[in-house]
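**Student:** What follows is a single structure, and I will ask about it in a moment.
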Amino acid sequence: MASTRYKRMDPETQRRILDAARAEFLAHGYERASINRIIQAAGINKGSLYYYFEDKADLFVKLMEDAEKTMVAAVADLDLDRILKEPPKDFWGYFESASYQKVAFSIQHPDLSRLSTEFYFQATKPGGPSRFKAYLAEARESLQKLLLMGQAQGAVRDDLPLDMLTDLAFGVSDIMNRPILENLDDLASWGPEAITRFTEPQIDMLRRMLAPKGGKAQ
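When you line the sequence shown up against our numbering, it's residues 1265 to 1482, in that order.
Here's what the structure looks like:
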């Protein structure tokens, strides 16, 4: 019910709540963030907040959804619906370009990067909020859709279960991204060459694992 109400929320009220929540989570992290401080900063009462959001975890997820909209609006290659409707001819070339642009966006929007990192660490730790894990599962489903698109083009192997391929892709991303996520300040100094040095090995690793042997590993 809270999600349905959120969609009908007055845009100005929505923006005040999200702005207050963003500032609070950036300043204190998820666990130490205070709903009372968010309410005070947004100029609303507690009843109003819980009318639109189920709890603190739901509010954080709404921030992630808002950040995703901002990213998709800025980077067309990250608009999954558009990509699935108009599949790129070069699957791995697209994957590399999208990865590069996502890192570049992260550098240009450090606050969103910090929120996304906090969300990811909370979602993947034992006992993390179930609402976070559900949102992470949605991201996994999006990756599966991309891999299915790759299989249709002969660029992704189909001799292994799709769930296994998705887990492999997520595992590579986690292992190679985690050192950067733990030192986000380093991103501020990255230029095009540094971004390329970071993204190319990931794509190469994924291609080696996911592309069919002797097939269209393009």
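Backbone N, C-alpha and C define an ideal beta-carbon position, used for all residues, glycine too.
All of these numbers come straight from a predicted model, not from anything done at the bench.
My guess is that I1299 and K1320 are in contact by the Cβ rule of under 8 Å, so how many angstroms apart are they, rounded?
**Tutor:** Against the sequence shown, residue 1299 aligns to sequence position 35. Against the sequence shown, residue 1320 aligns to sequence position 56. With a Cβ gap of about 6 Å, I1299 and K1320 count as contacting.
**Student:** Which same chain residues end up closer than 6 Å to M1469 when comparing Cβ atoms and leaving out the 5 residues on each side of it in sequence?
**Tutor:** As a position in the sequence shown, residue 1469 is number 205, starting the count at 1. Contacts found: V1436.
**Student:** Hey, how far is the Cα of L1407 from the Cα of D1427?
**Tutor:** Counting from 1 along the sequence shown, the entry for residue 1407 is found at position 143. Counting from 1 along the sequence shown, the entry for residue 1427 is found at position 163. Those two C-alpha atoms are separated by around 10 Å.
**Student:** Using a Cβ-Cβ cutoff of less than 7 Å, which residues in the same chain neighbour E1382 once the five nearest sequence positions on both sides are dropped?
**Tutor:** Working through the sequence shown from its first residue, we reach residue 1382 at position 118. Cβ neighbours of E1382 beyond the five flanking positions: F1289, G1293, Y1294.
**Student:** Which residue wins for smallest C-alpha separation from L1466, given the options H1373, Y1399, L1432?
**Tutor:** Counting from one through the sequence shown, the residue named residue 1466 turns up at place 202. Reading the sequence as shown, one finds Gln at residue 1466 and not Leu. Q1466 has its Cα closest to that of L1432, out of H1373, Y1399, L1432.
**Student:** Find the nearest neighbour of Y1270 within the set P1443, L1323, D1375, judged by alpha-carbon distance.
**Tutor:** As a first step, residue 1270 must be located in the sequence shown, where it is residue number 6. Ranking the options by Cα distance to Y1270, first place goes to L1323.
**Student:** Could you name the residues of the same chain whose beta carbon sits closer than 8 Å to that of R1404, not counting the 5 residues immediately before and after it, in chain order?
**Tutor:** Translated into the one-based positions of the sequence shown, residue 1404 becomes position 140. Contacts found: T1430, F1434.
**Student:** Whole angstroms is fine: what's the gap from K1310's alpha carbon to L1474's?
**Tutor:** Within the sequence shown, the letter at position 46 stands for residue 1310. Within the sequence shown, the letter at position 210 stands for residue 1474. Near 49 Å, if we compare the C-alpha coordinates of L1474 and K1310.
**Student:** Any chance you could list the alpha helix (DSSP H) runs of at least 4 consecutive residues sitting entirely within the stretch 1297-1333, in chain order?
**Tutor:** With a minimum length of 4 residues, the continuous alpha helix (DSSP H) runs that stay inside the stretch 1297-1333 are 1299-1306, 1310-1316.
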